[in-house]
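Undergrad: Each residue of the sequence shown is one higher than the last, beginning at 1 in the UniProt record's numbering.
We treat Cβ as the ideally placed atom computed from N, Cα and C, and that holds for glycine.
Everything numeric in this text was worked out from a predicted model, so none of it was measured.
If you scroll down you'll find the structure; I have some questions about it.
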Amino acid sequence: MNGKPLWMPTGSVRSLLALGVLLAFAAGSGFLVVQDSSSDLVKIVVGGWIAMLSGVTQAYFGMRQRGDPPSP
Numbered sequence: 001m002n003g004k005p006l007w008m009p010t011g012s013v014r015s016l017l018a019l020g021v022l023l024a025f026a027a028g029s030g031f032l033v034v035q036d037s038s039s040d041l042v043k044i045v046v047g048g049w050i051a052m053l054s055g056v057t058q059a060y061f062g063m064r065q066r067g068d069p070p071s072p
């Protein structure tokens with residue numbers, strides 16, 4: 001064993017998990033929009049996901065701006 005998870009470069013597993021979660025959210029929101037795009041539930045769910053994504057993005061780049069490395 002070389003000490004790397006799944007014999008991949010460092011950070012690859014974390015990246016694959018993040019992409020999987022992102023694709024799951026995209027598929028779920030796409031399904032909701034296709035079923036009934038004018039529903040209040042769709043507006044709330046998609047708006048909440050956009051708010052969460054923007055909050056995470058702001059926190060990540062805000063910490064990088066200060067020079068602190070992001071927490072894993």
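Which residue from V46, L22, R14, A51 puts its Cα closest to that of V33?
TA: Closest option to V33, Cα to Cα, is V46.
Undergrad: Assuming W49 and F25 make a contact with CB atoms under 8 Å, what is their CB distance in whole Å?
TA: With 8 Å as the limit, W49 and F25 qualify as a contact, their Cβ atoms being about 6 Å apart.
Undergrad: Distance, Cα to Cα, A59 vs A27?
TA: Taking the straight line joining both Cα atoms gives about 25 Å.
Undergrad: Once DSSP output is grouped into helix, strand and coil, what is the label at G11?
TA: Three-state result, G11: coil.
Undergrad: Would DSSP call D36 helix, strand or coil?
TA: DSSP places D36 in coil when its eight states are reduced to three.
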